[in-house]
Amino acid sequence: MRSGCGSCGNSRTWGTRLCLSWGDWTAQIGDPSGRSATRPMLTAEQVRENAATYMAQFFKIVDRDRTETRWQSEWFGDFSLTDVISLTSRFTVAQFLARDDFASRFKANQPIAITELLYPLLQAYDSVAIESDVEFGGTDQMFNLLVGRDLQQMMGQTPQQCFLMPLLPGTDGVQKMSKSLGNYIGIDEPANEIYGKAMSLPDDQIVPYSEYLTDIAEDEIDVNPMELKKRLARELVAQFHDANAAREAEGHFERTVQGRELPEDIAEFALPPSEELADMRLSRLLVDAGLANSAGEARRLIDQGAVQIDGERVNEDSTSGVAAGCVLRAGRRRFVRLV
Numbered sequence: 001m002r003s004g005c006g007s008c009g010n011s012r013t014w015g016t017r018l019c020l021s022w023g024d025w026t027a028q029i030g031d032p033s034g035r036s037a038t039r040p041m042l043t044a045e046q047v048r049e050n051a052a053t054y055m056a057q058f059f060k061i062v063d064r065d066r067t068e069t070r071w072q073s074e075w076f077g078d079f080s081l082t083d084v085i086s087l088t089s090r091f092t093v094a095q096f097l098a099r100d101d102f103a104s105r106f107k108a109n110q111p112i113a114i115t116e117l118l119y120p121l122l123q124a125y126d127s128v129a130i131e132s133d134v135e136f137g138g139t140d141q142m143f144n145l146l147v148g149r150d151l152q153q154m155m156g157q158t159p160q161q162c163f164l165m166p167l168l169p170g171t172d173g174v175q176k177m178s179k180s181l182g183n184y185i186g187i188d189e190p191a192n193e194i195y196g197k198a199m200s201l202p203d204d205q206i207v208p209y210s211e212y213l214t215d216i217a218e219d220e221i222d223v224n225p226m227e228l229k230k231r232l233a234r235e236l237v238a239q240f241h242d243a244n245a246a247r248e249a250e251g252h253f254e255r256t257v258q259g260r261e262l263p264e265d266i267a268e269f270a271l272p273p274s275e276e277l278a279d280m281r282l283s284r285l286l287v288d289a290g291l292a293n294s295a296g297e298a299r300r301l302i303d304q305g306a307v308q309i310d311g312e313r314v315n316e317d318s319t320s321g322v323a324a325g326c327v328l329r330a331g332r333r334r335f336v337r338l339v
């Protein structure tokens, strides 16, 4: 089972069903795990909006009918100051400062908000509230999960078992997968995007991705890297779409990336009026056309020489060469025909 955590929620087993507890309170604080700076707080509305997108992704993997969905506000809504003081009295500041991310920030004289120290306690209380048997989390969540075990034992419950999952590096092979860094593969993305992003992985990430995300047998991993990478890409697309979509995505990749052909079904994008286009940056056009997720990503693509107009590389953030009928390309897999 794969679970989506971070600032969204944690999946826990509850009896014979899965209990998905959404951290609508702790998400407003922001989980400091792995952070080197204080997290900005989110509003309740932002948390609910984020949760809706996470929920849609989560139930692409987990059976909705066998899942119990709970919100932290069910038990924290009536939490009193007496309850907070009782909870905090069970642990010491020294215990929490022993955690790697807090320890490094404390040593570097960087600020640690009191609300951040509360985060592991509140997450731990979730395990008490739903009487968790098993909790899943990334290796960066180990401290929080163990606090949950300790708190359950202190309150007379059987301590939960903790399943720690390795953190998956992003498509750059260096930093943790993150949408803000643009190094992610979205499970709700189109099949061609998932396949293409998998094919962009550094070779040294093929094995960990295959081990963590697929059922490819260990004795089948030691093969030609290109063949294994293609199989990995097919497996990922098949998981979140289907086998036919995987075959079509592979064909699309071989034609457009390996064969350098233009796709047969290029989407069209209507250009703004000429006077507006003249004052527009190319990075803005890339975002408007859906070829980049943000102006920052668009500028990086331009700086890297990854943007082309009719096959000619563009090196400046200008729309001077843009005209109706041109094919605008960003990276190796994204195209639009300008009309």
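Take the sequence shown: its letter number 242 is residue 242 in the UniProt record's numbering, and every next letter is one higher. Every residue gets a Cβ at the ideal spot worked out from N, C-alpha and C, and that includes glycine.
Going by C-alpha distance, which of the options is nearest residue i?
i	options	result
D126	T92, L168, F79, F106	F79
I293	D140, T214, Y184, Q141	It should be pointed out that residue 293 corresponds to Asn in this sequence rather than to Ile. Of D140, T214, Y184, Q141, the residue nearest in Cα terms is Y184.
I309	R300, S320, R299	S320
A51	W71, T67, S132, D317	W71
Y212	L232, V339, D219	L232
Beta carbon of residue i, beta carbon of residue j: below 8 Å?
i	j	result
I221	S210	yes
L285	V322	yes
S21	I187	no
E250	R337	no
A113	A191	no
Q95	S132	no
With a threshold of 16 other CB atoms inside 10 Å of the CB of residue i, please say whether the residue is buried or exposed.
i	result
S36	Unreliable positioning characterises S36 in this predicted model, as indicated by a pLDDT of 45, which lies under 50. A coordinate reading is not provided.
S283	buried
V307	buried
G77	exposed
T256	buried
S89	exposed
A298	buried
If you drop the 5 nearest sequence neighbours on each side, which residues of the same chain put their C-beta closer than 7 Å to that of residue i?
i	result
F253	Y195, G196, M199
C5	The predicted position of C5 is uncertain, since its pLDDT is 32 and thus under 50; a value taken from the coordinates is nonetheless stated next. Hits under 7 Å: G137, G138, Q141.
T26	Q72, Y119, L122, Q123
Under three-state DSSP, which class holds residue i?
i	result
I114	helix
A330	strand
T43	coil
V322	coil
E131	coil
T67	strand
R313	strand
K197	helix
Q161	strand
K60	coil
R337	strand
Output needed for residue i: all residues of its chain with C-beta closer than 6 Å, excluding positions within five of it in sequence on either side, in chain order.
i	result
F143	R99
Identify, in the order they occur along the chain, each residue of the same chain with its Cβ nearer than 8 Å to the Cβ of residue i, setting aside the five sequence neighbours on each side.
i	result
Q175	P169, L181, N183
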